Amino acid sequence: MGQTLRQPPVLAPNAESTVRTVQPVDLPDTSKVFSLADLLTYVTLRHPVARQAGLQPERARQEVRYARGLFDPAASSKYYGKTFGGKEYFHDWDTQLRVPLWFGADVKAGYERGVGPYVNPENTTPLAGLSYIGLSVPIAQGLLMDERRAAVRQAQALQGLAEAERRSALNKLVLQAAKDYWDWSLNYQRLTLLRRNTTLADVRFRAVRERVRQGDLAAIDSVEALTELQNRQATLVQAQVQWQNATLLLSNYLWDEQQQPRELPAQVRPQLLPTPAAWRPLLPDSVAALAELALQIHPELQKSRAKLSQLSVERRLLSNKLLPKLNLDYNLLQAGQPFSPEGGARFSGSYFQNNYKLGVSFAYPLLLRQERAKLQLNRLKLRETELDLQQDSREIQTGVRTVANDWEALREQLRLQEQVVQNAERLRNGEQIRFENGESSVFLLNSREATLVTARVKLAELQAKYAQTQATLRWAAGGVE
């Protein structure tokens, strides 16, 4: 379902430039054909909307990096001293390195020194100070889930959401570009048909005027031929404007590497509209496979799944908030220099019992109204998102089948319209023979030609619509990109 990218052809800024692309050998003047693949390459690589969409994954990566920063080790140091009237009161110094762990605990190591006649007894240390290594562990709330882990998990879910948003924006852009391209091709085909029709009317007018001069036809026939020529010329002017406007609209998708807009050169032509060989039927198995594929890769569904993942992480965090706050803090102390491997031999059971600092804290709100309300709101959001996912899944599957039905209907319309064109061409050729034999009039011949050109334009419109439906089906399945 993806679009294979290649290096875009070079578009020069002036109207004399050409587009050099490799095209099938059966296309005329291949050096001037600007294919749909060329356009989509420009769109996906250089269009501002595509580049803007490409920023989403990088933004999500930085969000993950930001969340992981909550687990960065932190070093801190503080010193307080007081001297007044030449008398030293106290010197209080504390330096600490704290390393957060994934499961909620913090490992810490540091050195503290509190000396002086008026130092707080709680902070008093030997003259050499105390070095310590310890662990701070949440026993209840924060053991299975805390704000740090929740932030990382939600940021990781945001990566999936950002990728889905990128694909969604790019798919919409590619779909619109494909539709505008086939409108451009249709306008070129219509212009070609009307130009040929006008040339034919001009040749007929000159021939009828000559026959009027020779007395073979009535003078009113030359008026009829001139009126038809003028009508076709007016229609041709309108088609020329439509072609120019369609070319300008398509140029909106063209940007160079320096982010400067480019315009299509005047002599560039679109690829041919889908021929009967490309009017392929859709098998029921392929439609079912597309519908199943859409459930897996469609960006809108991936967005909902990413939101569900974020809400699930939030639910775990809020459920954990219902537990009491019970924290255990233990520091192993050593006088003097910090702990070293050589000093480990001195550690024994009695050392651990006589050289430590222990702390336990407990807190628990009695009613838990805020925590229970937040958890209930989270459950409601989860349910809403699940229902949205179910509805979106149904609508996406229905959309795939709807476009598939349009595909099959267009194939039948194309087959019938092709027969209409063939019949109109037979009638026009027969009327031409009758006119040359003097059995018909200019009016009847013009009517046959008008019917023929209308049928051909209608066929071209159906061909363009068929090509647009192909792109729409890929988009409905979530795989235009």
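Heads up, the sequence shown is in my numbering, so the first residue is 1078 and it goes up one at a time.
Beta carbons: idealized from backbone N, C-alpha and C, even for Gly.
This one's a predicted model, so the numbers in the text were calculated from it and none came from an experiment.
Tell me whether residue i is buried or exposed, calling it buried when 16 or more other Cβ atoms sit within 10 Å of its Cβ.
i: Leu1493; result: exposed
i: Tyr1188; result: buried
i: Val1120; result: buried
i: Arg1460; result: exposed
i: Trp1552; result: buried
i: Arg1446; result: exposed
i: Lys1384; result: buried
i: Glu1419; result: Residue confidence is low: Glu1419 scores 49 on pLDDT, short of 50, so the model does not pin down where it sits. Its coordinate-derived value is still stated next. By the neighbour-count rule (16 or more Cβ atoms within 10 Å), Glu1419 is not buried but exposed.
i: Ala1486; result: exposed
i: Gln1545; result: buried
i: Leu1242; result: Contrary to the premise, residue 1242 reads as Glu rather than Leu in this sequence. The residue in question, Glu1242, is buried, as its Cβ has 16 or more Cβ neighbours within 10 Å.
i: Gly1163; result: exposed
i: Gly1556; result: buried
i: Pro1198; result: exposed
i: Val1390; result: buried
i: Glu1305; result: buried
i: Arg1230; result: buried
i: Gln1133; result: buried
i: Asp1149; result: exposed
i: Asp1035; result: Past the edges of the chain, shown from 1078 to 1558, lies residue 1035, and the structure says nothing about it.
i: Asn1408; result: buried
i: Trp1179; result: exposed
i: Arg1190; result: buried
So which of the options has the shortest CA-CA distance to residue i?
i: Trp1332; options: Gln1540, Leu1539 and Arg1128; result: Arg1128
i: Glu1369; options: Pro1442, Ser1262, Arg1478 and Leu1271; result: Arg1478
i: Pro1194; options: Val1141, Gln1139, Val1498 and Phe1161; result: Phe1161
i: Tyr1156; options: Ala1527, Asp1149 and Asp1171; result: Asp1171
i: Phe1111; options: Ala1130, Gly1507 and Gln1344; result: Gln1344
i: Ala1541; options: Lys1256, Lys1164 and Phe1148; result: Lys1256
i: Trp1259; options: Thr1324, Asn1248, Lys1384 and Thr1462; result: Thr1324
i: Ala1228; options: Val1141, Gln1335, Leu1452 and Glu1340; result: Val1141
i: Gln1467; options: Gln1321, Ala1296, Leu1122 and Lys1380; result: Lys1380
i: Gly1476; options: His1375, Val1184 and Leu1341; result: His1375
i: Ser1518; options: Asn1308, Ala1450 and Ala1295; result: Ala1295
i: Leu1513; options: Glu1165, Asp1293, Gln1133 and Ala1217; result: Note that residue 1513 corresponds to Glu in the displayed sequence, not to Leu. Here the closest residue by C-alpha is Asp1293.
i: Tyr1143; options: Leu1235, Leu1464, Arg1346 and Leu1550; result: Leu1235
i: Asn1053; options: Gly1181, Val1437, Ser1386 and Ala1554; result: Any answer about residue 1053 is impossible in this case: the structure gives the chain only from 1078 up to 1558.
i: Arg1449; options: Asn1397, Leu1410, Asn1408 and Glu1489; result: Asn1397
i: Gln1310; options: Leu1341, Glu1340, Arg1272 and Asn1329; result: Arg1272
i: Asp1406; options: Leu1174, Ala1182, Ala1137 and Glu1240; result: Ala1182
i: Asn1308; options: Leu1536, Leu1238 and Ala1527; result: Ala1527
Just the C-alpha distance for residue i and residue j, rounded to the nearest angstrom, thanks.
i: Ser1245; j: Leu1113; result: 20 angstroms
i: Thr1107; j: Gln1348; result: Legend: pLDDT at Thr1107 = 45, less than 50; position of this residue unreliable, value from coordinates given subsequently. Rounded to the nearest angstrom, the two C-alpha atoms are 9 angstroms apart.
i: Thr1312; j: Phe1282; result: 17 angstroms
i: Leu1207; j: Arg1393; result: 40 angstroms
i: Tyr1441; j: Leu1400; result: 8 angstroms
i: Gln1373; j: Pro1358; result: 24 angstroms
i: Leu1270; j: Gln1319; result: 14 angstroms
i: Arg1533; j: Val1498; result: 6 angstroms
i: Arg1511; j: Arg1505; result: 10 angstroms
i: Tyr1543; j: Glu1472; result: 22 angstroms
i: Leu1212; j: Ala1232; result: 27 angstroms
i: Ala1481; j: Gln1139; result: 41 angstroms
i: Leu1122; j: Val1251; result: 11 angstroms
i: Leu1268; j: Leu1522; result: 21 angstroms
i: Asp1298; j: Val1285; result: 7 angstroms
i: Leu1367; j: Leu1378; result: 15 angstroms
i: Ala1186; j: Ser1154; result: 12 angstroms
i: Glu1508; j: Gln1317; result: 29 angstroms
i: Arg1525; j: Thr1531; result: 10 angstroms
i: Asn1322; j: Ala1302; result: 30 angstroms
i: Val1192; j: Tyr1166; result: 9 angstroms
i: Pro1105; j: Arg1145; result: Low per-residue confidence applies at Pro1105: pLDDT is 37, beneath 50, and the placement is therefore not dependable, though the value from the model is reported in the following sentence. Taking the straight line joining both Cα atoms gives about 59 angstroms.
i: Thr1118; j: His1124; result: 9 angstroms
i: Asn1431; j: Val1437; result: 18 angstroms
i: Pro1101; j: Phe1520; result: Unreliable positioning characterises Pro1101 in this predicted model, as indicated by a pLDDT of 28, which lies under 50. The coordinate reading is nonetheless provided below. Rounded to whole angstroms, Pro1101 to Phe1520 spans 42 angstroms at the Cα level.
i: Val1214; j: Val1176; result: 12 angstroms
i: Gln1411; j: Lys1458; result: 52 angstroms
i: Val1364; j: Lys1402; result: 55 angstroms
i: Lys1159; j: Val1196; result: 10 angstroms
In the region 1202–1239, which residue ranges form an unbroken beta strand (DSSP E) of at least 3 residues, counting only runs that do not cross its ends? 1207–1215
Please confirm if the region 1350–1365 is in contact with the region 1194–1209, defined as three or more CB-CB distances below 8 angstroms between the two stretches. no
Sufficient close CB pairs (3 or more, under 8 angstroms) joining the region 1261–1268 to the region 1276–1283: no
Entirely enclosed beta strand (DSSP E) segments - the region 1422–1459, minimum 3 residues: 1433–1440
Which runs of the alpha helix (DSSP H), 4 residues or longer, sit entirely within the region 1349–1389? 1361–1374
Considering only residues of the region 1490–1531, which uninterrupted beta strand (DSSP E) runs meet the minimum length of 3 residues and lie entirely inside it, listed in chain order? none
Beta strand (DSSP E) runs wholly inside the region 1390–1415, at least 3 long, in chain order: 1402–1412
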